[in-house]
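Listed in order, the protein sequences are those of chains Z and E.
Read left to right, the first sequence gives residues 80 to 271 (the numbering used here).
Read left to right, the second sequence gives residues 80 to 271 (the numbering used here).
Protein chains: 2
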Amino acid sequence: MARWEPGARERLVLAAVDLFVEQGYDATTVAQIAERAGVTKSTFFRHFPDKRELLVAGQETLSRLLVEGIAGAPAEASPLQAVGAGLVRASSAMGPANRELGPRLKAAVASSAELQERDALKSVSLAAAMTNALLARGVSGATAALAGELGVLAFKRGYAAWSEGDRDDEDDLGRHALAALDELRAASASLG
Amino acid sequence: MARWEPGARERLVLAAVDLFVEQGYDATTVAQIAERAGVTKSTFFRHFPDKRELLVAGQETLSRLLVEGIAGAPAEASPLQAVGAGLVRASSAMGPANRELGPRLKAAVASSAELQERDALKSVSLAAAMTNALLARGVSGATAALAGELGVLAFKRGYAAWSEGDRDDEDDLGRHALAALDELRAASASLG
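Pasting the structure below:
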């Protein structure tokens, strides 16, 4: 198995998340993040304008990929099939650094009210982005809203299964996200 | 028709939301909120410990009522019927002040990044509360997560229809929330 070596950008994100857990988001400085990642402050600023953007950057990429996947799904795809295409497209950009990040980010979010708010806004924004991409395909309002929420739930549940799973397997996130989407579709039959 | 007169607490919330729209959340002081509401600062502090809690207080009540309604639904109720019971219970506590608040709160949230984060956390927290209440009824993980999201969507969509609707009618929020829940249930059949 090829050994995975994170680049400077990935090291910065991992270092930041660990420091947020250890000492809190507010108390963590850019200098500390750079030092922990083994890079200079200038390297930090080549990748991110500030500490906050370090968390937001990934969200914008994720949102764009989900929307592109939904928009690019075949015209005859059902709303959930389009969401599945979005999940596959977004997952294709997620590598070992993202898998590594999962449990650490969860711990950081649990420890900070500010990060909980950011994380909540991320969920709501991703659902809104998927809903809008579905509306653009002509899906009706209630169905688009529901499918957008299902997409976020599937992404979160798939991501948790992937990042908490056995690291030695070569699974990609896409398989887990699609499995979670299938599980949620099946669950929708038992809502009553 | 009886004329509705808001009490000090309602006037404080409405004044605060309007000031947040006009001049931003950060720039708004407790003194300004009290003055706009026509009460003293001491009256403000009898109702709320600070500016932030003025927004959070309503969320905790709402969450508690949703959970109580779900927990109190008959044992044979389906997951969505239990969510419907939660929506009805929470709606019963919503009067003219809440109806009045809807469009203004929406404008305040649209104008402030901080309020967007708070509002997102509110949605995520309400979904988690309903999901946990359903898990406690023995509903399986995926179904409970999905039903919790449906509950939040139904509440939001019902609240929007209610607060944007004709104020002269005597409609209560519960009817709108249940109609939205029905619409979402129907939509789940067209997810594909």
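Virtual Cβ for every residue (Gly too), placed ideally from N, Cα, C.
If you're wondering where the values come from, they're calculated on a predicted model, not measured in any experiment.
Lys201 of chain E versus E:Leu260, E:Ala87, E:Ala136, E:Arg125, residue with shortest Cα-Cα distance
In the second sequence, the residue the question calls residue 201 of chain E occupies position 122. Taking only the C-alpha atoms, the option nearest Lys201 of chain E is E:Ala136.
Just verifying my parser: in three-state terms, what is the DSSP assignment at Gly165 of chain Z?
By 1-based counting over the first sequence, the position of residue 165 of chain Z is 86. In the three-state DSSP reduction, Gly165 of chain Z falls in the helix class (H, G or I).
Would a check of beta-carbon distances place Glu196 of chain E closer than 9 Å to chain Z?
Numbered from its first residue, the second sequence carries residue 196 of chain E at position 117. At least one chain Z Cβ lies under 9 Å of Glu196 of chain E.
Since Pro158 of chain Z meets chain E, which of its residues come closer than 8 Å, beta carbon to beta carbon?
As a working note, residue 158 of chain Z is residue 79 in the first sequence. Going along chain E in sequence order, the residues near Pro158 of chain Z (Cβ under 8 Å) are Ser269, Leu270, Gly271.
For Glu132 of chain Z, decide whether its Cβ has a neighbour in chain E, counting only Cβ atoms nearer than 9 Å.
Taking the first residue of the first sequence as position 1, residue 132 of chain Z is located at position 53. No, its Cβ sits nowhere closer than 9 Å to a Cβ of chain E.
Any C-beta of chain A sitting closer than 9 Å to the C-beta of Val135 of chain E?
Although the question refers to chain A, the structure presented lacks it and instead comprises the protein chains Z and E.
Between Ala81 of chain Z and chain E, is there a C-beta pair that is closer than 9 Å?
On the first sequence, residue 81 of chain Z is found 2 positions in, with the first residue counted as 1. Residue placement at Ala81 of chain Z cannot be trusted, given a pLDDT of 47 that sits under 50; what the coordinates show is reported in the next sentence. Using a Cβ-Cβ cut-off of 9 Å, Ala81 of chain Z does not count as an interface residue toward chain E, since no Cβ of chain E sits closer than that to its own.
Of the residues Z:Arg254, Z:Gly174, Z:Val92, Z:Gly230, the one placed nearest Ser142 of chain Z, counting alpha carbons only
The sequence position of residue 142 of chain Z within the first sequence is 63, counting from 1. Its Cα nearest to that of Ser142 of chain Z, the residue Z:Gly230 stands out among Z:Arg254, Z:Gly174, Z:Val92, Z:Gly230.
Val148 of chain E - DSSP class collapsed to helix/strand/coil
Taking the first residue of the second sequence as position 1, residue 148 of chain E is located at position 69. Reading off the sequence shown, one finds Gly at residue 148 of chain E, where the question assumed Val. Helix, per DSSP.
Might you give, ordered along the chain, the residues of its own chain that have their beta carbon closer than 7 Å to the beta carbon of Leu213 of chain Z, omitting 5 neighbours on each side?
Residue mapping note: residue 213 of chain Z aligns to position 134 of the first sequence, counting from 1. Within the same chain, Leu213 of chain Z has close Cβ partners Ile149, Pro158, Ala161, Ala223, Ala226, Gly227.
Cα-Cα, which of Z:Thr107, Z:Leu257, Z:Ser219 is closest to Ala266 of chain E?
As a first step, residue 266 of chain E must be located in the second sequence, where it is residue number 187. Comparing C-alpha distances from Ala266 of chain E to each of Z:Thr107, Z:Leu257, Z:Ser219 shows the shortest one belongs to Z:Ser219.
In the structure shown, what three-state DSSP assignment does Val118 of chain Z receive?
Locating residue 118 of chain Z in the first sequence gives position 39, where the first residue counts as 1. Note: Val118 of chain Z maps to coil in three-state DSSP.
Please state the DSSP three-state secondary structure of Ala256 of chain E.
Reading the second sequence from its first residue, position 177 is the one you call residue 256 of chain E. Residue state, collapsed to three classes: helix.
Please report the residue range of the alpha helix (DSSP H) in which Met281 of chain E lies.
Nothing about residue 281 of chain E can be reported from this structure: the residues present for chain E run from 80 to 271 only.
For the alpha helix (DSSP H) that contains Glu228 of chain E, what are its first and last residues?
Along the second sequence, one-based indexing puts residue 228 of chain E at 149. That run of the alpha helix (DSSP H) goes 220-243.
Strictly under 9 Å for the Cβ-Cβ distance: is Ser219 of chain E near chain Z by that measure?
Residue numbering aside, residue 219 of chain E sits at position 140 when the second sequence is read from its first letter. True, the Cβ-Cβ gap to chain Z drops below 9 Å.
Closest by CA to Glu179 of chain E, which one among E:Trp241, E:Ala206, E:Leu166?
Translated into positions along the second sequence, residue 179 of chain E becomes position 100. Taking only the C-alpha atoms, the option nearest Glu179 of chain E is E:Trp241.
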